[in-house]
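In terms of our numbering, the sequence shown is numbered consecutively and its last residue is 1142.
Here a beta-carbon is modelled for each residue, glycine too, at the ideal position from N, C-alpha and C.
Model, not experiment: these values are computed from the prediction.
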Amino acid sequence: MRLFTLDEANALLDRLRPLVEALWERRRDLAIAQLENEVRAAPRGHAPGIRVHEDEIVRLIERIEHFGCIVKDIDLGLIDFPSTRGGRTIYLCWKADEPAVAHWHDLDSGFSGRRPLA
């Protein structure tokens, strides 16, 4: 597992933002395709585009996680960066609408346990 410094995590944001935006776009496309599938009452997976959108979402998540960070929530654009604080492993936590990484949480506390870095 790669461990990030705060500077390293923040340096990646310019590369991650467009990937998160593409992920949101594919997620919207998938939701639309699923609704169209329900309207047609077609069996799951048989509607045009559903599998394509699912595959693209997986590909985008893999591209993001290739950097060493972890996609925690697609809809929020929530990304965690493994790091250390006080001698223990933690996650630096970034939400796509935030200008920089400014929060952290323990490995087992998740988003609800976010605390400011300052």
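{"Query": "DSSP bridge partner residues for D1104 (one or two, in chain order)", "Result": "I1094 and C1117"}
{"Query": "Cβ neighbours of L1141 in the same chain (closer than 8 Å, five flanking residues each side left out)", "Result": "L1030, L1116, V1125, A1126, H1127 and W1128"}
{"Query": "Classification of L1027 by the beta-carbon crowding that lies within 10 angstroms, buried from 16 upward", "Result": "exposed"}
{"Query": "DSSP state of D1130 mapped onto helix, strand, coil", "Result": "strand"}
{"Query": "Close Cβ partners of L1102 (< 8 Å) along its chain, the five nearest in sequence each way excluded", "Result": "V1095, K1096, C1117, W1118, K1119, A1120 and F1135"}
{"Query": "The alpha helix (DSSP H) enclosing L1047, as first and last residue numbers", "Result": "L1030 to R1064"}
{"Query": "Nearest-angstrom Cα separation, counted from R1087 out to R1064", "Result": "33 Å"}
{"Query": "R1075 - DSSP class collapsed to helix/strand/coil", "Result": "helix"}
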